[in-house]
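Asker: In the numbering used here, the protein residues as written are -9 to 504.
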Amino acid sequence: MNTKMKYAIIYALILVAGILLGRLLFGGRPKHGHAAEHAAPSAGEAQVWTCSMHPQIRQDKPGKCPLCAMDLIPLKTSGTSGSFADPGAIQLSEEAAALANIQTTTVSRTRPVKEMHLYGVIQPDERLLRSQVSHVNGRIESLVVNTVGESVRTGQVIATIYSPDLLNAQQELLEAKKLAHLQPALPEAAREKLRRWKLSDAQIAEIERTGEVLPVVNITANAGGIVTAKRVEQGDYVTQGGALFDLVDLSSVWAVFNAYESDLPYLKTGDKVEYTLQSLPGQTFSGKIAFIDPILDKTTRTAKVRVETANPRLELKPEMYADAVIKATLKHHADEIVIPKTAVLWTGKRSIVYVKQSGTDIPAFKLREIELGASLGDEYVVLSGIGAGEEVVTNGAFVIDAAAQLEGKPGMMNPPEPAAGTPHDMSPQHAQITVQGLCEMCRERIQTAAMSVGGVSSAVWDGESRRLHLHFDPAKTSPDAVAKAIAAAGHDNEKYKADDEVYNALPECCRYRE
C-alpha cells in the first residue's frame, strides 16, 4: 500500500469518528425553543405559585417566598374555559380531590321517611294470664300437673280434692230426691248448688243414679295454656278461691320496645312494625302498635311501645330479644330537601356543608350554612340553605375545610363575616315568620304564596309550630314582602292581617280565626 492510500484511509477514519462524536454530543438535544414551549403554560392558562410552608402566599410567577425565602411551587391553574371560581371557594385539582376521596351527591326533593331502630323483648299478653283456683274448701288429694312449664288444655283434670262441704252438698241432693213429691223445687236447688261448685251435669246425674256421694272430686282447668307458677303441693288444705296454678296462653304475645322521646312524635297506634329475633335468624315477624306508654321512664328517657303479634306455633317465647326497624313518613313534610348526615359539619350552633360550584374546570367548593330539620337515621331534612339540584360534598368535607383554614377562607372555625347592616344573630338568607293556618290546604296555600315572591328559593310551613321557614336572596326580597303576599292569600301572620273578604272566601276547614 503506497503512502497516498494510507493517508486517505486515515482521513476517512478521522471523518467518521468526528461525525459519530458530534452525534453523541449534540444529537440528543431538542431543537431550540421546544423545551420552553413545553414548560410554559399556554397563553390562556394562568399559573399560580405558592409556598409549601405559607399557603397564603399567592404569586403569578415563580420566585422566593417573602416570609421564609423558600422556592415557590406551582399550585393550580384557573382553567382554559374562561370560567372563574368564587373568591371564597376552595379549589382542588382533580388529582388532589381523588387523593382526598372527595365524593359529592346531587340533592333533590323527596318525601322524607324517618327510620328508627327499636330494641325490646317478647312478653306474654297480660290479657291472657289466668289463675286456676279451687272452687271449694278441701284438701288436695293428688296433683295431675306437677311442674312449671307443662301445657294444660281447657277441661283437663289438674287435681283431685277431698271436700267435706262438697260431701254435705251431695248428701243434700240425695235427701232432696226423697222429698221431691213434697217439695218439687228442692232437688233442682240442690243440683244448682253443686253446679256452682263446678260439678258437671254428668257427675250430678251419676250421683243421683247410684245414690252414692263422691268422696273425692276432680278439679278441671278453666283455660288452656302454659303453667308459669305452682301454688300448692299434694296434701295442702285450700280454701274456696285459693290459687292452685298460674297459666298463660302464648298463642298471642306482646313485643315491648323502648322508644326514645325524640322518636315518639313519629309513632302512633296502628302503625305496622316488623322485627327480628336473635334466636330465630332469617325470620321476620310483624304486628301493629297497640299501645304507647304515656309516661316516660325518668332514667332511660324512653317509653314502652307495645306491638301485638299472633304466635300460633309458639315460636315466640317470653324474654326473647327483638330488634325492630320502623319507617315513618313525616306528616308535615311532603316535599323536602334531604341530605346524608356525612355531608354536615357541626360547629356548635352552626351546621355547614360544602357545595360544589358548577361551571369551573377545576373542582371548587364553597361553604354554605344550612338549617337542619328532623333527623331521619342516616339523613337530615334541610329547612333552608340549599336548593334542589345542588351538589353537596358527602365525603371528604373535613379535608376541604382544612384547606379553607390554611388559605384563610371561611370554614368551621372561621365563620364568614356578616354583611354590613345584617344582624349577627340571623343568617342573611334565612328567616322565620309565624303564619296562622290549620290544615294541609293551608300549608299548600301559604307555601305557594311565599314561593311566588321573587328571590324566595324555599318555603316550608310547620303546622304544629305555625312557623314558616324561608330561604331567600336578601338582594331580591325580604321577609316583609313575603308576609304581605301570604296575607294577600288569606293568612294572618306576625306582620300583616288578611282582609276579611279574602279570609271569608277560604274553605271552611281553613278558617283559623276563633
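Beta carbons are placed, not taken as given, at the ideal position from N, Cα and C, and that holds for glycine. If you're wondering where the values come from, they're calculated on a predicted model, not measured in any experiment.
#1: Taking the DSSP output, what are the residues bridged to Thr424?
#2: DSSP on Asn158, reduced to helix/strand/coil?
#3: Using CA coordinates, which residue listed in Thr218, Leu257, Leu357 is at the minimum distance from Leu234?
#4: Are there 16 or more other CB atoms within 10 angstroms of the CB of Ile92, so buried, or fewer, so exposed?
#5: Among the residues of its own chain, which have a CB less than 8 Å from the CB of Ile526, if the five just before and after it don't count?
#6: When you compare each of Lys307, Thr94, Trp336, Leu428 to Cys499 by their alpha carbons, which one comes out closest?
#7: Check whether the stretch 337 to 354 and the stretch 53 to 60 are in contact - that is, three or more C-beta pairs closer than 8 Å.
#8: Verify whether the separation of the beta carbon atoms of Val134 and Ile148 is less than 8 Å.
#9: Which residue marks the beginning of the alpha helix (DSSP H) containing Glu116, and which one marks its end?
#10: I need the straight-line Cα distance from Gly145 to Val371, nearest angstrom please.
#11: Look at the Cβ atom of Thr292, then the Cβ atom of Tyr250, and state whether they are nearer than 8 Å.
#12: From Leu267 to Pro308, what does the alpha carbon distance come to, in whole angstroms?
#13: Grab the span of the alpha helix (DSSP H) containing Asn127 for me, first residue to last.
#14: Where does the unbroken alpha helix (DSSP H) through Arg433 begin, and where does it stop?
#15: Using three-state DSSP, classify Arg99 as helix, strand or coil.
#16: State the DSSP-derived secondary structure class of Lys331, mapped to helix, strand or coil.
#17: Are the beta-carbon atoms belonging to Lys278 and Asp261 less than 8 Å from one another?
#18: Along the chain, which unbroken stretches of the beta strand (DSSP E) at least 3 residues long are found entirely within the stretch 136 to 223?
#19: Using a threshold of 8 Å, state whether the C-beta atoms of Ile390 and Gly375 are closer than that.
#20: Quick one: what's Ser348 bridged to in DSSP?
#21: How big is the Cα-Cα spacing for Lys188 and Gln173?
#22: Give the secondary structure of Tyr493 by DSSP, where H, G and I count as helix, E and B as strand, and everything else as coil.
#23: Would you decide whether Trp507 is buried or exposed? Buried here means 16 or more other CB atoms lie within 10 Å of its CB.
#24: Check whether the stretch 222 to 239 and the stretch 96 to 110 are in contact - that is, three or more C-beta pairs closer than 8 Å.
#25: Using three-state DSSP, classify Gln273 as helix, strand or coil.
#26: Tell me where the alpha helix (DSSP H) around Glu84 begins and ends.
#27: In the structure shown, what three-state DSSP assignment does Tyr256 receive?
#28: Using 8 Å as the threshold, is the C-beta distance between Ala314 and Glu264 below it?
#29: Do you know how far the Cα of Glu326 is from the Cα of His24?
#30: Can you grab the Cα-Cα spacing for the pair His481 / Val443, in whole Å?
#31: From the DSSP output, which residues share a beta bridge with Phe247?
#32: How big is the Cα-Cα spacing for Leu304 and Pro114?
#33: DSSP three-state label for Asp236, please.
#34: Tyr502 and Gln426: beta carbons closer than 8 Å?
#35: Give me whichever residues DSSP pairs with Gln81 in a beta bridge.
#36: Which two residues bound the contiguous beta strand (DSSP E) that contains Lys485?
Answerer: Taking the geometry as given:
#1: As a first step, residue 424 must be located in the sequence shown, where it is residue number 434. Paired residues: Arg457.
#2: Your numbering for residue 158 matches position 168 in the sequence shown. Here Asn158 sits in helix by DSSP.
#3: Numbered from 1 along the sequence shown, position 244 holds the residue referred to as residue 234. Closest by alpha carbon: Thr218.
#4: As a working mapping, residue 92 is identified with position 102 in the sequence shown. Ile92 is buried by the Cβ-count criterion.
#5: Outside the modelled stretch of the chain, which goes from -9 to 504, sits residue 526, for which no answer is possible.
#6: For this step, residue 499 is matched to residue 509 along the sequence shown. Comparing Cα-Cα distances from Cys499 to each of Lys307, Thr94, Trp336, Leu428, the minimum goes to Leu428.
#7: The stretch 337 to 354 is not in contact with the stretch 53 to 60.
#8: For the purposes of this step, residue 134 is taken as residue 144 along the sequence shown, with counting starting at 1. For the purposes of this step, residue 148 is taken as residue 158 along the sequence shown, with counting starting at 1. By the CB criterion at 8 Å, Val134 and Ile148 fall inside the cutoff.
#9: Start at 1 with the first residue of the sequence shown, and residue 116 comes out as number 126. Here Glu116 belongs to no alpha helix (DSSP H), and DSSP marks it neither H nor E.
#10: Against the sequence shown, residue 145 aligns to sequence position 155. Against the sequence shown, residue 371 aligns to sequence position 381. Going by the C-alpha atoms only, they are around 59 Å apart.
#11: As a working mapping, residue 292 is identified with position 302 in the sequence shown. As a working mapping, residue 250 is identified with position 260 in the sequence shown. Their beta carbons are under 8 Å apart, which means Thr292 touches Tyr250 by this criterion.
#12: Counting from one through the sequence shown, the residue named residue 267 turns up at place 277. Counting from one through the sequence shown, the residue named residue 308 turns up at place 318. Taking the straight line joining both Cα atoms gives about 12 Å.
#13: Residue numbering aside, residue 127 sits at position 137 when the sequence shown is read from its first letter. Note, Asn127: premise wrong, no alpha helix (DSSP H); not H, not E.
#14: On the sequence shown, position 443 is the one that residue 433 refers to. From DSSP, the alpha helix (DSSP H) with Arg433 extends over 430 to 441.
#15: If you number the sequence shown from 1, residue 99 lands on position 109. Three-state DSSP puts Arg99 in a strand.
#16: As a first step, residue 331 must be located in the sequence shown, where it is residue number 341. Correct three-state label for Lys331: helix.
#17: For the purposes of this step, residue 278 is taken as the residue at position 288 of the sequence shown. For the purposes of this step, residue 261 is taken as the residue at position 271 of the sequence shown. It is a contact, given that the beta carbons lie within the stated cut-off.
#18: 147 to 152, 206 to 210, 215 to 220
#19: One-based indexing of the sequence shown puts residue 390 at position 400. One-based indexing of the sequence shown puts residue 375 at position 385. Not in contact: Ile390 and Gly375 (Cβ atoms no closer than 8 Å).
#20: By one-based count along the sequence shown, residue 348 stands at place 358. DSSP, once it has assigned bridges, lists no residue as partnering Ser348.
#21: In the sequence shown, counting from the first residue as 1, residue 188 sits at position 198. In the sequence shown, counting from the first residue as 1, residue 173 sits at position 183. Distance between the alpha carbons of Lys188 and Gln173 is about 25 Å.
#22: Here residue 493 refers to the residue found at position 503 of the sequence shown. Three-state DSSP puts Tyr493 in a helix.
#23: Outside the modelled stretch of the chain, which goes from -9 to 504, sits residue 507, for which no answer is possible.
#24: no
#25: Position 283 of the sequence shown, counting from 1, holds the residue named residue 273. Correct three-state label for Gln273: coil.
#26: On the sequence shown, position 94 is the one that residue 84 refers to. Element bounds for Glu84: 84 to 89.
#27: Position 266 of the sequence shown, counted from the start, is the residue given in the question as residue 256. It is helical.
#28: Counting from 1 along the sequence shown, the entry for residue 314 is found at position 324. Counting from 1 along the sequence shown, the entry for residue 264 is found at position 274. Yes, Cβ-Cβ distance for Ala314 and Glu264 is below 8 Å.
#29: Translated into the one-based positions of the sequence shown, residue 24 becomes position 34. Translated into the one-based positions of the sequence shown, residue 326 becomes position 336. The pLDDT assigned to His24 is 33, lower than 50, so where the model puts this residue is not dependable; a value taken from the coordinates is nonetheless given after this. Those two C-alpha atoms are separated by around 57 Å.
#30: The residue you call residue 481 lines up with position 491 of the sequence shown. The residue you call residue 443 lines up with position 453 of the sequence shown. Rounded to the nearest angstrom, the two C-alpha atoms are 16 Å apart.
#31: Residue 247 sits at position 257 when you count from the first residue of the sequence shown. Answer is Gly110, Val295.
#32: The residue you call residue 304 lines up with position 314 of the sequence shown. The residue you call residue 114 lines up with position 124 of the sequence shown. If you take the alpha carbons of Leu304 and Pro114, they lie about 11 Å apart.
#33: As a first step, residue 236 is located in the sequence shown; it is residue number 246 there, counting from the start. The answer is strand: DSSP assigns Asp236 an E or B state.
#34: The residue you call residue 502 lines up with position 512 of the sequence shown. The residue you call residue 426 lines up with position 436 of the sequence shown. Cβ distance < 8 Å, so Tyr502 and Gln426 count as in contact.
#35: If you number the sequence shown from 1, residue 81 lands on position 91. Beta-bridge pairing links Gln81 to Ala354.
#36: By one-based count along the sequence shown, residue 485 stands at place 495. Note, Lys485: premise wrong, no beta strand (DSSP E); not H, not E.
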